[in-house]
Amino acid sequence: MLGTVLTGCGTGQHSQSADQLPAVNGAEATLQQVALRDIYIQAVQSTDYLQAGRTVKLVLAIANESLETNEHLVSITTDIGDVTLNPTKPEIPVGGRLLVGTPVGQTASPKQENVNTAEATVELSEPITNGIDYDFTFTFEKAGSTTVAVPISAGLAPQPVPAD
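The sequence shown begins at 43 in our numbering and counts up one residue at a time.
Set out below in structure tokens:
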């Protein structure tokens, strides 16, 4: 009898793990065959706001799920400031990825086959703060545009370099 009771504990009409999302800092979106993942503003906030005039980094990974055509990230725009993309029109290879920025704790993006890298910075035109998401519009050459609500990552404070 006890075996029957225990086997029924996990059953029900709704699985608790069916709606779980990946454990990542940032937002995500999919536009046709372009998948944007782990999108966040990378900045250490030590006061109530990150003030206008400050430059912060935007971090994300973009996958081109097409097996036939390359894609290009044409621009990133937001109401909170001017976004600079370097290189200016990075390519997302067929079946490959584009890594924008370097996540906190990682010294450099790893060299991988079929992966390109870029940097995106935002010069803030208004104050921003943790706990609020900010709209960013990503425009691609073939897939078009999508707007995503992007959080600020709590990040890590700069760590001291160990002495040799």
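Glycine residues also receive a C-beta, built at the ideal position from the N, C-alpha and C atoms. Just so it is clear, the structure is predicted and the values come from calculations on it, not from any experiment.
Distance check for Val101 and Glu155, CA to CA, integer angstroms please.
Each residue's Cα considered, the two are about 20 angstroms apart.
Host beta strand (DSSP E) of Asp124 (start-end)
Here the beta strand (DSSP E) through Asp124 covers Gly123 to Asn128.
May I ask you to verify whether the stretch 160-169 touches the stretch 109-129, counting CB pairs closer than 8 angstroms and requiring at least 3?
By the criterion of at least three beta-carbon pairs nearer than 8 angstroms, the stretch 160-169 is in contact with the stretch 109-129.
Please classify Tyr187: is it buried, with 16 or more other beta-carbons within 10 angstroms of its beta-carbon, or exposed?
Note that residue 187 is Ser in the sequence shown here, rather than Tyr. Its Cβ having fewer than 16 others within 10 Å, Ser187 is exposed.
Determine whether the beta carbon atoms of Gly137 and Leu115 lie at a separation below 8 angstroms.
Inclusion of Gly137 and Leu115 in the CB contact set at 8 angstroms is not warranted, their separation being larger than that value.
Among Pro129, Gln87 and Tyr176, which has the Cα closest to the Cα of Thr119?
When Pro129, Gln87 and Tyr176 are compared, the shortest CA-CA separation from Thr119 is found for Tyr176.
How is Asp90 classed by DSSP in three states: helix, strand or coil?
Here DSSP, grouped into helix, strand and coil, assigns Asp90 to coil.
Alpha-carbon spacing of Leu140 relative to Ala77, whole angstroms
Cα to Cα, Leu140 sits roughly 10 angstroms from Ala77.
By DSSP, does Asn106 sit in helix, in strand, or in coil?
Of the three classes helix, strand and coil, the one that applies to Asn106 here is strand, per DSSP.
Please list the terminal residues of the continuous beta strand (DSSP E) segment that includes Val76.
Where Val76 is concerned, the enclosing beta strand (DSSP E) stretches over Val76 to Gln84.
Taking 6 angstroms as the limit between beta carbons, can you name the residues of its chain near Ser195, skipping five residues before and five after?
Once the five neighbours on either side are set aside, the close Cβ partners of Ser195 are Asn67, Tyr82 and Gln84.
According to DSSP, is Arg96 part of a helix, a strand, or is it coil?
The DSSP-derived three-state label of Arg96 is coil.
Grouping DSSP H, G and I as helix and E and B as strand, with all else coil, what is Asn158?
DSSP, reduced to helix, strand and coil, places Asn158 within a strand of the structure shown.
Cross-strand partners of Asp177 (DSSP beta bridge)
Residue pairing for Asp177: DSSP places it in a beta bridge opposite Ala191.
Whole-angstrom distance between Thr171 and Leu73, CA atom to CA atom:
Rounded to whole angstroms, the gap between the alpha carbons of Leu73 and Thr171 is 28 angstroms.
Return helix, strand or coil for Thr120, following the three-state DSSP convention.
Looking at Thr120 - three-state DSSP - the assignment turns out to be strand.
Give the secondary structure of Glu165 by DSSP, where H, G and I count as helix, E and B as strand, and everything else as coil.
Residue state, collapsed to three classes: strand.
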